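Enquirer:
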Amino acid sequence: MPNYFTINGKAYPSTDVVRMGVGQTIKLRFIGTNNNFVHPMHVHGGPFEVVALDGVTLAPSARYLADTINVGPGQRYDVIWTARRPGKWLIHCHIPHHTTNNNVETLGAGGLTMILDVR
Numbered sequence: 001m002p003n004y005f006t007i008n009g010k011a012y013p014s015t016d017v018v019r020m021g022v023g024q025t026i027k028l029r030f031i032g033t034n035n036n037f038v039h040p041m042h043v044h045g046g047p048f049e050v051v052a053l054d055g056v057t058l059a060p061s062a063r064y065l066a067d068t069i070n071v072g073p074g075q076r077y078d079v080i081w082t083a084r085r086p087g088k089w090l091i092h093c094h095i096p097h098h099t100t101n102n103n104v105e106t107l108g109a110g111g112l113t114m115i116l117d118v119r
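Under my numbering, read the sequence shown as residues 1 to 119, first letter to last.
(1) Under three-state DSSP, which class holds T82?
(2) So, with DSSP's three-state summary, where would you put H94?
(3) Whose CA, out of V118, T82 and L107, lies closest to the CA of T15?
(4) Relative to the C-alpha of L53, which residue among A83, I69 and P47 is closest?
(5) Short check: CB of K27 to CB of I80, under 8 Å?
(6) Can you confirm whether M114, when its beta carbon is compared against all beta carbons of chain B, has any partner nearer than 8 Å?
(7) Any idea what DSSP makes of T99, helix, strand or coil?
(8) State whether the stretch 49 to 68 contacts the stretch 99 to 117, with contact taken as three or more CB pairs (one from each stretch) at a distance under 8 Å.
(9) Cβ atoms of H44 and H94: under 8 Å apart, would you say?
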C-alpha cells in the first residue's frame with residue numbers, strides 16, 4: 001500500500017501555502033485519482049459550499065455546506081471556501097495514515113495536508 005499521499009504532486013510540508021485576506025474565497029477541487037482509497041477531505045476555519053460534482057455545476061438549490069466530504073476513486077468535487085477570520089487553516093484528509101509521509105510526521109503533519117494562511 002502507498003505510504004505517501006500528495007496534493008498537486010507534493011506531500012506536506014512541500015505543499016503550497018495559499019495566502020488570503022479575510023472575506024476572500026478560494027475554489028478547491030478535490031479529485032480522487034487513486035482507485036483504492038476514499039479520502040474524507042476536511043477544511044478547518046468554517047464550512048465550504050459544494051458547487052460541482054464530477055464536472056457538473058450544481059444548481060444553486062442543490063448546493064450544500066459541509067466541512068468534510070468523502071472523495072472516492074474517480075470522483076471530483078469543486079468547493080468554495082470563504083476566509084472568515086485570520087489564522088492558518090488546514091486542508092487535510094481525515095485518515096491519519098494519509099497525513100504522514102511513510103508514517104512519519106514532518107512539522108506536525110505530512111501527505112494530504114495544505115495550509116490556507118488568512119491575514
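Don't be surprised by glycine CBs; every beta carbon is placed ideally from N, CA and C.
Please read all numbers here as calculations on a predicted model, not as lab measurements.
Expert: Quick answer:
(1) strand
(2) coil
(3) L107
(4) I69
(5) yes
(6) In the displayed structure, chain B is absent; only one protein chain is listed.
(7) helix
(8) no
(9) no
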